[in-house]
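Just so you know, the sequence shown maps onto residues 1 to 136 in our numbering.
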Amino acid sequence: MDVQDLKYTKTHEWVAVSQNSDGKTIATVGITDFAVQAMSDLVFLELPPVGKQVQAGEPLGQIESVKAVSDIYSPVTGTVVEVHTDLATHLEQLTADPFGQGWIAKLEVADPNELNQLLDRAAYEAQCASEAEEHG
Numbered sequence: 001m002d003v004q005d006l007k008y009t010k011t012h013e014w015v016a017v018s019q020n021s022d023g024k025t026i027a028t029v030g031i032t033d034f035a036v037q038a039m040s041d042l043v044f045l046e047l048p049p050v051g052k053q054v055q056a057g058e059p060l061g062q063i064e065s066v067k068a069v070s071d072i073y074s075p076v077t078g079t080v081v082e083v084h085t086d087l088a089t090h091l092e093q094l095t096a097d098p099f100g101q102g103w104i105a106k107l108e109v110a111d112p113n114e115l116n117q118l119l120d121r122a123a124y125e126a127q128c129a130s131e132a133e134e135h136g
C-alpha cells in the first residue's frame with residue numbers, strides 16, 4: 001500500500017478507500033507509522049465489534065503500550081463491517097507493517113464526502129514535524 005495514496009487524520013489514523021462489490025465506499029483504517037513509533041512496546045488492542053455504528057472523531061477502539069492507553073478514532077461516520085481479529089494477538093504486525101498487515105477495521109462509509117476533510121500524506125507529515133518540535 002502506497003502511503004502517498006492514503007488519507008490521514010490529525011489523530012494519527014490512516015484510511016485506504018475502496019469500493020465493495022455493491023458499490024459502497026469502504027474505509028480500511030489503521031494507525032500510522034508515526035503513532036506506532038511514538039507508542040512503542042504495544043501490549044493490547046481493543047477492536048470494535050462488527051456492526052457497530054461509529055461517528056467521525058469518536059473512539060473506534062483502543063491501543064495500549066507499556067507507556068499509555070490511546071483511543072483509536074474513527075476517521076469517518078459509518079458501520080464497522082470487518083475487524084482484523086488476528087491483530088489483537090499479533091501486535092508485532094502493527095509494529096512491522098502498520099500500513100499493510102497492521103490494518104485495524106473496515107468501515108462502510110455513510111457519507112463519502114467526509115473523506116475530503118482528511119489530510120494527504122504531505123499535510124500529515126507537516127503535522128507530525130510540528131508535533132515533534134513541540135515535544136522536542
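All residues carry an ideal CB built from backbone N, CA and C; glycine is no exception.
This structure is a prediction, so every number in the text was calculated from the model and none was measured.
{"Query": "Near residue 64, what residues of its chain come up, given a Cβ to Cβ distance below 6 Å and the 5 sequence neighbours on each side ignored?", "Result": "43, 44"}
{"Query": "Suppose you measure from the CA of residue 56 to the CA of residue 123; what does that come to, to the nearest Å?", "Result": "19 Å"}
{"Query": "Going by DSSP, which residues form a beta bridge with residue 44?", "Result": "64"}
{"Query": "Checking 8 Å against the spacing of the C-beta atoms, do residue 19 and residue 121 come in under that value?", "Result": "no"}
{"Query": "How would you label residue 89, buried or exposed, when you count the other beta carbons within 10 angstroms and need 16 or more for buried?", "Result": "exposed"}
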